[in-house]
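Protein sequences appear in the order of chains R and Z.
Just so we're aligned: the first sequence equals residues 920 to 1280 in the working numbering.
Just so we're aligned: the second sequence equals residues 3 to 164 in the working numbering.
Yeah, the Cβ is synthetic: ideal placement off N, Cα and C, and Gly gets one too.
Note that this is a predicted model, so its numbers are computed, not measured.
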Amino acid sequence: MTVDDYKHAVASHCESGSVRNLLAHGGLQVSEPMIFGIGSGPAFYYLFFARGPSGLPLVGIRMPPGKILRNFGKLCGIEMFAKQYRSTDEALEAANALIDEGIPFAISVDMFYMKYLPSFLHVHAPFHFIIVVGREGDRYSVSDPYSEEIAQLDVEDLRLAWETHAPLSRDNSMFRVLAVPEQVDWIAAAKKAIAKTCKNMLMPPVVRNIFWFVGIEGMRAYSKKLREWPDQYAGVKLREGILMSAVAFEDQGTGGGAFRLMYGAFLQELANLAGSSHFGELADRMIEHGRFWRDTSRMMIKAGKTVPMDDDAFADWIAENRGQLDERLAEIGDRFARMADFEAEFFADLRAAGSTLGRGD
Amino acid sequence: MIIPEKADKLSSPSMAVMYDADADGKCVPTYKTAEFNEEIAIYYEQRAMELKRLHARLLAGEISPIGFFVEHQRMDIKDVAARARLGQSAVRKHMTPEGFGKVRVEVLARYARIFDVALADFFSFVFVADDLEVATERHQGRLIQQLKIFAGAPGADPGEER
């Protein structure tokens, strides 16, 4: 049994891509950047207390899982069903009933068990969004924005991925579209979303001091901490940490430049909708910033590649090359500090522009 | 654990939807080869080397099979403990050879689910020559694992792969 008329399409990001595909099936055509922007997607978290797939402290560059979907649905008047089932058995029962009715739905799973994806994506990230669109016995058909085609998932893998008990996971949760409005006031929704994004990134001074690892302050902290990596990590861990941080910023579902290019595309689409040249200029600035981030990731790749792949060779290598590695990381750190300064200024400007959006330039 | 002699390789370029400004300055998505595809390919080589290193540490008695999989899958103890519904100190203990010897089968089965392996993978390493393929079947909640080893020639019966 497969949901009729469901059209699978690839996307940059699993959550915004899944929402786009679900909405398209529900009758609302909207671009992925609009979902990301109105979902208040951009963020920065330097989660020094958690270890990320790179092996270094976890860095978040977008809102926590599920937030984009909820924010977008709320601001655009999408009637959504969201439920976290108590057990996988209960969730599967509900899933099977929906498939029988021909209704697609999104779930949040651990990407590690998605065997149809290339193995470098088999990381324990329990917040990967996919859409379930069919079932044949114990095999489920899933629409994953990272896969070119509809993929197959065994029920055993689905069970493992859907209920992990991992921190940040949304075990056995299900989302689906109940109804879409005939018309969406994109400008009104975008205004509210922009205000929220700017608030999250800038934060009031007192909050900023407490949550020094979030938003602009988080970027500043990251710019300082990355210089200390050679003191804290060695060998393959250091090499992989630097390389995979860059890959995560650029290639792991961000659309490039740590989601900033996709946010630029959102601002551009908004500028066209509102006929605002000022928003067009803001979009250009954000796109340029995304490109700067992309170049910074390229520099991280160059720095990471200098570290030997063999742990046994590391001691001699670092004794000889520590100064050079420190210089490279200092340069990258300086670029992150510049990016933090840029975002501080940019989101302040965007907040001001957002309040007058739709009133003409 | 089954370790193929040939390193796991990136079989085709890694593709992603990437945004950038076109000639008119419009920021558009393009489905193309990932920016760092080359580095992703090297990552596979690194993982193969990492596997050898961890295997050597395991045989030297520095880590237990639990420690092997925690490190190999780049997990942190907090995450593993939450998933296994155990305390962090218990996981730390199980990551040592001494502690591993005292893990109950029921707890081991929880670890097996997290790492997506069979219980047998905690106790044996099967090195598979270049010209051979292995198909695995797991039964009874991963307590039993059946391996079919066959020549990797075209037309060979791979059995039911899982």
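*What three-state label does DSSP hand Lys-20 of chain Z in the structure shown?*
According to the sequence as given, residue 20 of chain Z is Met; it is not Lys. Correct three-state label for Met-20 of chain Z: strand.
*Are the CB atoms of Phe-1024 of chain R and Val-1042 of chain R nearer to each other than 9 Å?*
Not closer than 9 Å, so no.
*Span of the alpha helix (DSSP H) around Asp-81 of chain Z*: 79 to 86
_For Tyr-1065 of chain R, would you say it is in contact with chain Z, using Cβ-to-Cβ distances shorter than 9 Å as the test?_
yes
*In whole angstroms, what is the alpha-carbon distance linking Glu-1082 of chain R and Gln-48 of chain Z?*
30 Å
*Near Gly-958 of chain R, what residues of its chain come up, given a Cβ to Cβ distance below 6 Å and the 5 sequence neighbours on each side ignored?*
Same-chain partners within the cutoff: Ile-987, Asn-990 and Phe-991.
*Considering only residues of the same chain and omitting the five flanking positions on each side of Cys-995 of chain R, which have a CB-CB separation below 6 Å?*
When the five nearest sequence neighbours on each side are left out, the beta carbons in the same chain lying within less than 6 Å of the beta carbon of Cys-995 of chain R are those of Val-1103 and Ala-1108, in order along the chain.
*asked:* Would Tyr-964 of chain R and Gly-946 of chain R be called neighbours here (beta carbons separated by less than 9 Å)?
replied: no
_Cβ separation of Asn-940 of chain R and Gln-1003 of chain R, assumed to be a contact under 8 Å, to the nearest whole Å_ = Incorrect: roughly 22 Å between the Cβ atoms, too far for contact.
*C-beta contact flag for Phe-152 of chain Z and Met-3 of chain Z at 9 Å*: no
*Check whether Arg-1158 of chain R and Lys-1224 of chain R have beta carbons under 9 Å apart*: yes
*Phe-125 of chain Z by DSSP, collapsed to three states: which one?*
coil
*Nonlocal neighbours in the same chain, by C-beta distance under 6 Å from Cys-29 of chain Z, ignoring five residues either side*: Once the five neighbours on either side are set aside, the close Cβ partners of Cys-29 of chain Z are Tyr-21 and Ala-23.
*State the start and end residues of the unbroken alpha helix (DSSP H) segment that holds Pro-1124 of chain R.*
1124 to 1129
*How about Lys-150 of chain Z: is its C-beta nearer than 9 Å to some C-beta of chain R?*
no
*Would you give the residue range spanned by the beta strand (DSSP E) that Lys-1002 of chain R belongs to?*
998 to 1003 is the span of the beta strand (DSSP E), which, as asked, contains Lys-1002 of chain R.
_Other residues of its chain near Pro-1282 of chain R: CB distance less than 8 Å, five sequence neighbours each side excluded_ = The requested residue 1282 of chain R does not occur in the structure, where chain R is confined to residues 920 to 1280.
*Grouping DSSP H, G and I as helix and E and B as strand, with all else coil, what is Val-1103 of chain R?*
coil
_Residue closest to Pro-99 of chain Z, alpha-carbon to alpha-carbon, out of Z:Gly-69, Z:Arg-87, Z:Gly-27 and Z:Ile-5_ = For Pro-99 of chain Z, the nearest C-alpha among the options comes from Z:Gly-69.
*Please report how far the alpha carbon of Gly-161 of chain Z lies from the alpha carbon of Phe-1039 of chain R, in whole angstroms.*
Unreliable placement is indicated for Gly-161 of chain Z, whose pLDDT of 49 sits below 50; no coordinate value is reported for it.
*Neighbour list for Val-19 of chain Z in chain R, Cβ cutoff strictly below 7 Å*: Val-929, Ala-930, Ser-931 and Gly-1174
*Taking 9 Å as the cut-off, decide whether the C-beta atoms of Val-1155 of chain R and Arg-55 of chain Z are in contact.*
yes
_For Gln-1187 of chain R, count the other beta carbons within 10 Å of its own beta carbon; 16 or more makes it buried, fewer makes it exposed. Which is it?_
When all chains shown are included, Gln-1187 of chain R counts as buried.
*In angstroms with no decimal places, state the Cα-to-Cα distance between Met-982 of chain R and Pro-961 of chain R.*
6 Å
*asked:* I'd like to check one pair, Phe-38 of chain Z with Leu-1162 of chain R: are the Cβ atoms closer than 9 Å?
replied: yes
_Looking at Gly-1273 of chain R: is its Cβ nearer than 9 Å to the Cβ of Lys-1110 of chain R?_
In this structure, the beta-carbon distance from Gly-1273 of chain R to Lys-1110 of chain R falls below 9 Å.
*Under 9 Å Cβ-Cβ, which residues of chain Z neighbour Tyr-964 of chain R?*
By Cβ distance, chain Z contributes nothing, its closest Cβ being about 16 Å from Tyr-964 of chain R, past 9 Å.
*asked:* Tell me the rounded alpha-carbon separation between Pro-1123 of chain R and Asp-1268 of chain R.
replied: 16 Å
*asked:* Looking only at its chain, what residues have a beta carbon closer than 7 Å to the beta carbon of Asp-1073 of chain R, apart from the 5 residues adjacent to it on each side?
replied: Asp-1057 and Arg-1058
_Environment of Pro-1100 of chain R [buried if 16+ CB atoms lie within 10 Å]_ = exposed
*Could you pull out every residue in the same chain whose Cβ sits closer than 7 Å to the Cβ of Arg-164 of chain Z, ignoring the five residues on either side in sequence?*
No answer about Arg-164 of chain Z holds up, because its pLDDT of 39 lies below 50 and its placement is not dependable.
*Considering only residues of the same chain and omitting the five flanking positions on each side of Leu-1192 of chain R, which have a CB-CB separation below 7 Å?*
So the list reads Trp-1105 and Ile-1106, once near-sequence residues are dropped.
*Grouping DSSP H, G and I as helix and E and B as strand, with all else coil, what is Glu-162 of chain Z?*
Unreliable positioning characterises Glu-162 of chain Z in this predicted model, as indicated by a pLDDT of 44, which lies under 50. The coordinate reading is nonetheless provided below. Annotated three-state conformation of Glu-162 of chain Z is coil, per DSSP.
*DSSP on Ile-146 of chain Z, reduced to helix/strand/coil?*
strand
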